[in-house]
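Take 2 as the starting number for the sequence shown in my numbering and just add one per residue. Please read the structure below before turning to the comments.
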Amino acid sequence: MDELPVITSRSNTLVQRARRVVSGDEPGFIALEGDRLVDDAIAAGREIEIVVLAQDRRERADELRKHGQRVQLVDGAIVEQVSSLDKSPGIIALAPVPKAVDLETLKLDPRTLIVVVAGVGDPGNLGALARAAEAFGATALVALAGGATPWSTKALRGSMGSLLRLPIAAPMQAKACFALLSRRKVRQVCATTRGGLDPQKFDWKGPIALWITGETGVAPDVGASFEAVTIPIAAQVESLNVTVAASIVLFCASRARAGVRG
Numbered sequence: 002m003d004e005l006p007v008i009t010s011r012s013n014t015l016v017q018r019a020r021r022v023v024s025g026d027e028p029g030f031i032a033l034e035g036d037r038l039v040d041d042a043i044a045a046g047r048e049i050e051i052v053v054l055a056q057d058r059r060e061r062a063d064e065l066r067k068h069g070q071r072v073q074l075v076d077g078a079i080v081e082q083v084s085s086l087d088k089s090p091g092i093i094a095l096a097p098v099p100k101a102v103d104l105e106t107l108k109l110d111p112r113t114l115i116v117v118v119a120g121v122g123d124p125g126n127l128g129a130l131a132r133a134a135e136a137f138g139a140t141a142l143v144a145l146a147g148g149a150t151p152w153s154t155k156a157l158r159g160s161m162g163s164l165l166r167l168p169i170a171a172p173m174q175a176k177a178c179f180a181l182l183s184r185r186k187v188r189q190v191c192a193t194t195r196g197g198l199d200p201q202k203f204d205w206k207g208p209i210a211l212w213i214t215g216e217t218g219v220a221p222d223v224g225a226s227f228e229a230v231t232i233p234i235a236a237q238v239e240s241l242n243v244t245v246a247a248s249i250v251l252f253c254a255s256r257a258r259a260g261v262r263g
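This is the structure:
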């Protein structure tokens, strides 16, 4: 395999572009930092435009090139400077934002479970929530406008690859999402802090859209009502972290669909 040249200038066009993508300043592109995310993207069949590697990672460069990836070696200090992480892993892939799933044509059946995330502003929470959604069998995830984007570096890393494997619809407006899913006869269920049914006793027969909101647990104003589920907790505890709550509800839904009770 031919020897790769090394970029040593901070003003290089690719270096400047990588900096913009990592900073979120180039719409339509995402940065995948770390070997795990790059490998997850490849395994999921996601398109990667180019992989930027620190110059001391030639073996990794050869491996990626054998798998058909375009690779560029860059001075390690420059990669460190471009990275959004405290300690750069020496690898940053630039990739187009994955194509959004179309909820109008998404195949529905009684086991369909669409997770709709509303008002979750922390990208780390969104990423962890996506991990729970994938772990417990969600069909797709919708990230509503006004919350964290699923394509930020922090969300992607927090998801451990789940945001690259799950079908994602983002961004969407709450009312438009509710109306579309209602039109397709999808049950709309919101996890709330008070007043809902115990998720262990809830009828999870779908297709269902499970709406997960911020820690206030207030259902979005969509001009219509939701079914509601509420996790029983001690009275002195006001609420649970949104990712913890979502994980519990999704676990209950998964068990119910598998025919496990209690």
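Beta carbons: idealized from backbone N, C-alpha and C, even for Gly.
Return the Cβ separation of residue i and residue j in integer angstroms, given the expectation that the two are a contact with Cβ distance under 8 Å.
| i | j | result |
| --- | --- | --- |
| A171 | T150 | 7 Å |
| R1 | S160 | Since the first residue shown for the chain is 2 and the last is 263, residue 1 is missing from the structure and cannot be characterised. |
| L198 | Q189 | L198 to Q189, Cβ: 14 Å. No contact. |
| G35 | R112 | In fact, because the Cβ distance is near 33 Å, the residues do not count as touching under 8 Å. |
| A144 | L251 | The pair is not a contact, with the Cβ atoms about 16 Å apart (cut-off 8 Å). |
| V23 | S84 | 7 Å |
| A134 | S163 | 7 Å |
| L127 | G148 | 7 Å |
| V16 | A55 | About 12 Å; that fails the 8 Å criterion. |
| H68 | I49 | About 10 Å separates the two Cβ atoms, so there is no contact after all. |
| C178 | V116 | In fact, because the Cβ distance is near 12 Å, the residues do not count as touching under 8 Å. |
Cβ of residue i within 7 Å of Cβ of residue j?
| i | j | result |
| --- | --- | --- |
| L109 | P208 | yes |
| A254 | P221 | no |
| V230 | A210 | no |
| A119 | W205 | no |
| A62 | V75 | no |
| A94 | V39 | yes |
| L165 | A32 | no |
| P168 | A141 | yes |
| G91 | R66 | no |
| V245 | G215 | no |
| A19 | V53 | yes |
| A156 | P124 | yes |
| A259 | L130 | no |
| I249 | I234 | no |
Tell me the residue span of the beta strand (DSSP E) that contains residue i.
| i | result |
| --- | --- |
| E239 | It is not in any beta strand (DSSP E) - E239 carries neither H nor E in the DSSP assignment. |
| L142 | A141 to L145 |
| R188 | R188 to A192 |
| L211 | I209 to I213 |
Once DSSP output is grouped into helix, strand and coil, what is the label at residue i?
| i | result |
| --- | --- |
| L181 | helix |
| P233 | coil |
| I31 | strand |
| P124 | helix |
| V116 | strand |
| L38 | helix |
| V223 | coil |
| E48 | coil |
| L198 | strand |
| V83 | helix |
| T154 | helix |
| K108 | coil |
| K100 | coil |
| K176 | helix |
| A149 | coil |
Check for me: the alpha helix (DSSP H) holding residue i runs from which residue to which?
| i | result |
| --- | --- |
| L16 | Going by the sequence as given, residue 16 is Val instead of Leu. Taken as a continuous stretch (DSSP letters only), the alpha helix (DSSP H) holding V16 covers T14 to V23. |
| A170 | Not the alpha helix (DSSP H): A170 falls in the beta strand (DSSP E), residues I169 to M173. |
| F252 | V243 to R258 |
| L65 | R59 to K67 |
Identify the residues that DSSP records as bridge partners of residue i: which are they?
| i | result |
| --- | --- |
| V1 | Past the edges of the chain, shown from 2 to 263, lies residue 1, and the structure says nothing about it. |
| M161 | DSSP output for M161 lists no bridge partner at all. |
| I8 | V75 |
| E228 | V190 |
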